[in-house]
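Visitor: For reference, each letter of the sequence shown is one residue, going 710 to 1281 in my numbering.
We put the beta carbon where it would ideally sit given N, CA and C, even for glycine.
Remember, it's a predicted structure, so these values are computed and weren't measured experimentally.
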Amino acid sequence: MTLRNPGDRALHGVLENDDYFADRVDAWIAEEGIGQGKEHLLSGEGIQAREKALAGREVAWPVMVPAWGERVIHLRFDNFFGVYARPVWWPEAAAFHLARTRGGLAEGIYLGGLLALLGYNTLLWLRLRQADIGYYVLYLGSGAAFMAVARAQLPGLGWALGSPGLEIVLTIVMALNALFLTQFARVFLELRTHFPMGDRWVRGWRIVLLALASGLLLAPWWRSPGLHGLPVAALATGITHLGLLALALGAWRAGVWQARFFVLSFGCLFAGSLPMVAVWFFETQFRDAAMRGLMIGSALEMLMLSIAVADRFARAQRRLVEETEHRRMLEEAYADELAEEVRERTRELQAANTDKDRMLAVIGHDLRSPLTGLMRAAEGATGEFAHNVSQTGRTLLLMIEDLVLWARLRAGTQAVAVYHANALVAPAVALHRTLAEHSGVELVLDVREEMLVETDLVLAQTLVRNLLANALKFARTRVALRAEGVGGCVSFMVGNDGPPLQPAVAARLAAGEDEPMTATGGMGLRLCREICCVLGTRLDARSGVDGGTEFGFILKQATGKRADMNTVEENA
């Protein structure tokens, strides 16, 4: 071809072929007026970027036409699947580069949008792992890959890929794209549930597309320059879209709400494809502009499908929230019923516990009177048998007293008043003096008469009585019971000269643990600890200075108050 310049300045322009797909194009640019070529330039999709006259995806060469002159260019096109040659002369190189920049920007926005949708839906699938989202991600990814290869983005990045490899990649990607779209539609439209007949059609067509993708890859016609499978894959893709559009309309009529997104998205794709079809058959000059319309249509299709996926996810989230709220209401109702049942059972247990305490008190009262009479009769008699009867009766009476007191502790009742310290210890000493004399144990009482304490008299007397009985049990010759003022309190101490306190027992008492109940030990120190807890004090135990064991507790000292002498006399 000959380029002429009628102007008075040289033209530094670009000669471009109006198509990307040419494996190799040689250009010989002759000097002005000379037919033999002097400069040899290369371009084409199969040529490495460093060998091309102009780097990029376009098949183009820089050409300078002198003022009032002409330039003759000889072109040789070489392509595996036929040749398309339509050279376009850009007198100004700046106009060519500006057009290339605009085209790259438009396609960058398009591919960037597809990658953004791909990234968003991939993250959504990784979180939810729903099958329809996964198939949509594959469809979106294969569609973006197809458009990138079809728009010669690989040569633009410096990667040479010529025929027939380029057509093989495009054919396989297009067939897989139709396959992923088919499977996505099958799951997303819930054809198995709402449209069983359509589901059978889709499963059959899915097998056809899978066979097409593998068959086109292995078919022997790739070695024939006159045939390739890209038109077959394009036809299969068109049939796929038309068939899915029909199924979407049928599913819409069947009540599948998400089918409307399919109809709208395919409408956008078909609207964008019409200019491309018209230009392809009737006019090649506007093919690139028509391709922009196809890109816009496909972008809108994928955007609408992405919105459909997001809308379905939002509906699923709302259903999940509603189910969670319903479950929470059921759990609250069940919790209320359970709480009411617990309160009812608690009232029943409290009533049963009250009846038990009342029964213990009644039994103790009924047994205490005959045992008291029997014990007094035995004390008035003489002889060893009478002494044993008296001792056994006293033991049983004290056990009954402890049971009645234990029931009182469970009821949580107290009668706090001011008493002489001697009123706490005198009844216990009088009760156990006979036993001490019979055992040959000296019982020493050291309590000042004027000391007053504020406490529950019955509980305090029972505490002293149990500690004194425990001291007499292990004493050799002497038991001492003393009370002394210590910093606004009165300290009561009961000690003997028996064996020292066992380390295991001392450790359990220090840790606040109860002693195990035995057949001979009665309630023992367990009752003493519970009485101390009710009185707000603690039971201390230690080995004596001269051997033996000492137990003690501290009560609040009362000053300037009048003692309840009637109660003292009654208990005495």
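1. In this structure, does DSSP put residue 756 in helix, strand or coil?
2. From what residue to what residue does the alpha helix (DSSP H) around residue 940 run?
3. Go through its chain and collect everything with a Cβ distance to residue 892's Cβ below 7 Å, but skip five positions before and after it.
4. In the DSSP assignment, find the beta strand (DSSP E) that holds residue 1146 and state where it starts and stops.
5. Can you give me the Cβ contacts of residue 732 inside the same chain, cut-off strictly under 7 Å, excluding the 5 residues immediately before and after it?
6. In or out: residue 721 buried (at least 16 other Cβ within 10 Å) or exposed?
7. On the three-pair Cβ rule with 8 Å, is the stretch 711 to 727 touching the stretch 802 to 813?
8. Nearest by alpha-carbon distance to residue 898: which of 1014, 824, 1028, 1194 is it?
9. Decide yes or no for the touch test of the stretch 1152 to 1167 against the stretch 1183 to 1192: beta carbon pairs closer than 8 Å, at least 3 of them.
10. Taking its Cβ as the centre, do 16 or more other Cβ atoms sit within 10 Å of residue 974, making it buried, or is it exposed?
11. For residue 712, list the residues DSSP reports as bridge partners.
12. Does the beta-carbon distance from residue 1250 to residue 1215 come in below 7 Å?
13. Could you tell me the alpha carbon to alpha carbon distance between residue 701 and residue 768, rounded to whole angstroms?
14. Where does residue 1189 fall in DSSP's three states?
15. Compare the C-alpha of residue 1258 against each of 1234, 1202, 1209, 1265 and name the closest.
16. Determine the DSSP secondary structure at residue 923, reduced to helix, strand or coil.
17. Could you tell me the distance, in whole angstroms, from the CA atom of residue 869 to the CA atom of residue 903?
18. Keeping to the same chain, check which residues put their C-beta closer than 7 Å to that of residue 1228; ignore five residues upstream and five downstream.
19. Assuming the contact rule is C-beta atoms closer than 8 Å, residue 857 and residue 820 should be a hit. Round their C-beta distance to whole Å, please.
20. Can you say whether residue 716 is buried or exposed, counting buried as having 16 or more other CB atoms within 10 angstroms of its CB?
21. Three-state secondary structure (DSSP) at residue 1042?
22. For residue 952, tell me which candidate among 888, 922, 1032, 938 has the shortest Cα-Cα distance.
23. Below 7 Å between beta carbons: does that hold for residue 841 and residue 882?
24. Roughly how many whole angstroms lie between the Cα atoms of residue 949 and residue 847?
25. Can you find the residues in the same chain that come closer than 7 Å, C-beta to C-beta, to residue 1198, ignoring five residues on each side of it along the sequence?
26. Judging by CA-CA distance, which residue of 760, 712, 796, 772 is the nearest neighbour of residue 729?
27. Starting from the C-beta of residue 1240, find all residues in its chain whose C-beta is less than 6 Å away, skip the five residues before and the five after it, and write them out in chain order.
28. Let me confirm a value: residue 930 is counted as buried when at least 16 other C-beta atoms fall within 10 Å, else exposed. Which label applies?
29. Is residue 945 closer than 7 Å to residue 957 when the C-beta atoms are compared?
30. Report the three-state DSSP secondary structure of residue 813 (helix, strand or coil).
31. On a Cα-Cα basis, can you pick out the residue from 1207, 1253, 1213, 1194 that is closest to residue 1268?
32. May I ask you to report which of helix, strand or coil DSSP gives residue 868?
33. What residue range does the alpha helix (DSSP H) around residue 847 cover?
34. Can you tell me whether residue 1205 is helix, strand or coil according to DSSP?
35. Closest by CA to residue 780, which one among 713, 813, 765, 764?
36. Compare the C-alpha of residue 1007 against each of 1042, 1256, 822 and name the closest.
Guide: Let me lay it out:
1. Position 47 of the sequence shown, counting from 1, holds the residue named residue 756. Note: residue 756 maps to coil in three-state DSSP.
2. The residue given as residue 940 occupies position 231 in the sequence shown. Where residue 940 is concerned, the enclosing alpha helix (DSSP H) stretches over 939 to 962.
3. By one-based count along the sequence shown, residue 892 stands at place 183. Same-chain partners within the cutoff: 844, 915.
4. In the sequence shown, residue 1146 corresponds to position 437, counting from 1. No beta strand (DSSP E) holds residue 1146; the alpha helix (DSSP H) holding it covers 1130 to 1148.
5. Counting from 1 along the sequence shown, the entry for residue 732 is found at position 23. 753, 754, 755, 787, 788, 789, 871, 872.
6. On the sequence shown, residue 721 is found 12 positions in, with the first residue counted as 1. Exposed, since its Cβ has fewer than 16 Cβ neighbours within 10 Å.
7. yes
8. For the purposes of this step, residue 898 is identified with residue 189 of the sequence shown, where counting begins at 1. Among 1014, 824, 1028, 1194, the Cα nearest to that of residue 898 belongs to 1014.
9. yes
10. If you number the sequence shown from 1, residue 974 lands on position 265. Under this definition residue 974 is a buried residue.
11. For the purposes of this step, residue 712 is taken as the residue at position 3 of the sequence shown. Looking at the DSSP assignment, residue 712 forms a beta bridge with 780.
12. Counting from one through the sequence shown, the residue named residue 1250 turns up at place 541. Counting from one through the sequence shown, the residue named residue 1215 turns up at place 506. Yes, the Cβ-Cβ distance between residue 1250 and residue 1215 is below 7 Å.
13. Lying outside 710 to 1281, the shown extent of the chain, residue 701 is not represented and no answer is given.
14. On the sequence shown, residue 1189 is found 480 positions in, with the first residue counted as 1. Strand, per DSSP.
15. Within the sequence shown, residue 1258 is the residue found at index 549, counting from 1. Nearest option by C-alpha distance: 1209.
16. Locating residue 923 in the sequence shown gives position 214, where the first residue counts as 1. Note: residue 923 maps to helix in three-state DSSP.
17. The residue you call residue 869 lines up with position 160 of the sequence shown. The residue you call residue 903 lines up with position 194 of the sequence shown. Spanning the two alpha carbons is a distance of roughly 48 Å.
18. Here residue 1228 corresponds to residue number 519 of the sequence shown, with the count starting at 1. Here residue 1228 scores only 36 on pLDDT, less than 50, and its place in the model should not be relied on; the value that follows carries that caveat. Contacts found: none.
19. Here the question's residue 857 lines up with position 148 in the sequence shown. Here the question's residue 820 lines up with position 111 in the sequence shown. Their Cβ separation, rounded to whole angstroms, is 6 Å, which keeps residue 857 and residue 820 in contact under 8 Å.
20. Numbered from 1 along the sequence shown, position 7 holds the residue referred to as residue 716. Exposed: under 16 other Cβ atoms inside 10 Å.
21. Numbered from its first residue, the sequence shown carries residue 1042 at position 333. Three-state DSSP puts residue 1042 in a helix.
22. Here residue 952 refers to the residue found at position 243 of the sequence shown. For residue 952, the nearest C-alpha among the options comes from 888.
23. As a working note, residue 841 is residue 132 in the sequence shown. As a working note, residue 882 is residue 173 in the sequence shown. No. Outside cutoff.
24. Taking the first residue of the sequence shown as 1, we reach residue 949 at position 240. Taking the first residue of the sequence shown as 1, we reach residue 847 at position 138. Near 16 Å, if we compare the C-alpha coordinates of residue 847 and residue 949.
25. The residue you call residue 1198 lines up with position 489 of the sequence shown. Only 1263, 1264, 1265, 1266 meet the Cβ criterion.
26. By 1-based counting over the sequence shown, the position of residue 729 is 20. Nearest C-alpha to residue 729: 796.
27. In the sequence shown, residue 1240 corresponds to position 531, counting from 1. Contacts found: 1168, 1172.
28. Within the sequence shown, residue 930 is the residue found at index 221, counting from 1. Caution is warranted here: a pLDDT of 49 is assigned to residue 930, below 50, making its placement in the model unreliable, and the coordinate value is therefore given only provisionally. By the neighbour-count rule (16 or more Cβ atoms within 10 Å), residue 930 is not buried but exposed.
29. Mapped onto the sequence shown, residue 957 falls at position 248. Mapped onto the sequence shown, residue 945 falls at position 236. Cβ distance not < 7 Å, so residue 957 and residue 945 don't count as in contact.
30. One-based indexing of the sequence shown puts residue 813 at position 104. Helix.
31. Looking up residue 1268 in the sequence shown gives position 559. Residue 1194 is the option with its Cα nearest to residue 1268.
32. Here residue 868 refers to the residue found at position 159 of the sequence shown. Residue 868: coil per DSSP, three-state reduction.
33. Counting from 1 along the sequence shown, the entry for residue 847 is found at position 138. Element bounds for residue 847: 840 to 859.
34. For the purposes of this step, residue 1205 is identified with residue 496 of the sequence shown, where counting begins at 1. Reduced to three states, the DSSP call for residue 1205 is strand.
35. One-based indexing of the sequence shown puts residue 780 at position 71. The candidate whose alpha carbon is nearest that of residue 780 is 713.
36. Translated into the one-based positions of the sequence shown, residue 1007 becomes position 298. Ranking 1042, 1256, 822 by Cα distance to residue 1007 puts 822 first.
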